[in-house]
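S.K.:
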Ligand code: AP5
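Residue numbers (the numbering used here): 1 to 214.
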């Protein structure tokens, strides 16, 4: 089963994708995580990507489609959760073609709906474990023991460079201009489903599970 989670920055895509990985053994394909890894690589491409991400704009279709193409070869039978991809109509068409070429397809496209004001609060309070990547929030999801990751016990945490108010405004604009047309695209294909992303994390997970069981 292949799933796309679609929603604005801070909607909870990464949080729910990690739960699906833990509960169902699926593979999370997050282009944001792949690009942050490319940034750390110190290559010229990484440098270019870092500048675009810091501004909150979208990286070129060519780069992200190439990253996804590489990962699809090692997917196996587990099924993928596409988290933050596709983000443009060109990426959606490319994904369809890449999956078709491998005898596969998208089974569920799930829109996570969250109010803009809540996104600001979520993104500004987010931090992640520097070791395993588990995502937390200062108020809605703190670590059980202060300063210690619940998942792996690490005491190192990071905050994202693009989680500033200015970059978030640009990321939201990119979402509405370039990504939200995908909702119409998948609706027209009869594939679009939605969940209330404003609900508590467990309730969102339950709603997603109910959609996947249909
Ligand atoms: P990316 O890393 O994909 O970021 P994003 O889409 O902006 O989404 P986020 O990761 O910020 O949010 P999320 O929905 O995963 O929320 P999370 O679960 O963390 O992309 C970053 C950049 O990379 C882009 O701006 C672009 O430059 C580039 N890029 C990436 N993909 C690209 C592509 N395909 N094409 C071109 N460029 C691309 O949750 C957020 C916070 O809220 C957390 O603290 C969490 O604990 C909390 N939270 C989660 N759920 C809830 C809940 N239900 N209630 C309360 N709090 C909650």
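Glycine included, C-beta positions come from ideal geometry on N, C-alpha and C.
What you are looking at is a predicted structure, and each value in this text was computed from that prediction instead of being measured.
(1) Based on Cα-Cα distance, which residue from 140, 111, 186 lies nearest to residue 196?
(2) What does a CB cutoff of less than 7 Å around residue 84 pick up in its chain, not counting 5 residues either side in sequence?
(3) Pick out whichever of 102, 136, 140, 94 has its Cα sitting closest to the Cα of residue 199.
(4) At 4 residues or longer, what runs of the alpha helix (DSSP H) sit wholly inside the region 24-65?
(5) By DSSP, does residue 6 sit in helix, in strand, or in coil?
(6) Would you give the residue range spanned by the alpha helix (DSSP H) that residue 90 belongs to?
(7) Report the rounded CA-to-CA distance for residue 214 versus residue 43, giving the unit in angstroms.
(8) Nearest by alpha-carbon distance to residue 81: which of 146, 20, 116 is it?
(9) Please check the pair residue 165 and residue 54, which I expect to be a contact at CB under 8 Å, by giving their CB distance rounded to whole angstroms.
(10) Using a threshold of 6 Å, is the CB atom of residue 159 nearer than that to any non-hydrogen atom of the ligand AP5?
(11) What are the start and end residues of the alpha helix (DSSP H) that includes residue 124?
(12) Distance check for residue 146 and residue 163, CA to CA, integer angstroms please.
(13) Report the three-state DSSP secondary structure of residue 192 (helix, strand or coil).
(14) Give the DSSP bridge partners of residue 109, in chain order.
(15) Spatial neighbours of residue 52 within its chain, please: C-beta separation below 7 Å, excluding the five flanking residues on both sides.
M.R.: In short, the structure shows the following:
(1) Residue 196 sits at position 196 when you count from the first residue of the chain shown. Answer by Cα proximity: 111.
(2) For the purposes of this step, residue 84 is taken as residue 84 along the chain shown, with counting starting at 1. 13, 30, 31, 32.
(3) The residue given as residue 199 occupies position 199 in the chain shown. Of 102, 136, 140, 94, the residue nearest in Cα terms is 140.
(4) Here the runs fully enclosed are 31-40, 44-55.
(5) One-based indexing of the chain shown puts residue 6 at position 6. DSSP places residue 6 in strand when its eight states are reduced to three.
(6) Along the chain shown, read from residue 1 onward, the residue named residue 90 stands at position 90. Here the alpha helix (DSSP H) through residue 90 covers 89-101.
(7) On the chain shown, residue 214 is found 214 positions in, with the first residue counted as 1. On the chain shown, residue 43 is found 43 positions in, with the first residue counted as 1. Spanning the two alpha carbons is a distance of roughly 44 Å.
(8) Residue 81 sits at position 81 when you count from the first residue of the chain shown. Residue 81 has its Cα closest to that of 20, out of 146, 20, 116.
(9) In the chain shown, the residue the question calls residue 165 occupies position 165. In the chain shown, the residue the question calls residue 54 occupies position 54. So it is not a contact: roughly 13 Å between Cβ atoms.
(10) Looking up residue 159 in the chain shown gives position 159. Outside the cutoff, so no.
(11) Walking along the chain shown from the start, residue 124 turns up at place 124. From DSSP, the alpha helix (DSSP H) with residue 124 extends over 116-124.
(12) Stepping through the chain shown from its first residue, residue 163 is reached at position 163. Stepping through the chain shown from its first residue, residue 146 is reached at position 146. Going from the Cα of residue 163 to the Cα of residue 146 covers about 22 Å.
(13) To locate residue 192, count along the chain shown from 1; it is residue 192. Strand.
(14) Here residue 109 corresponds to residue number 109 of the chain shown, with the count starting at 1. Answer by DSSP bridge pairing, in chain order: 4, 192.
(15) Here residue 52 corresponds to residue number 52 of the chain shown, with the count starting at 1. 59.
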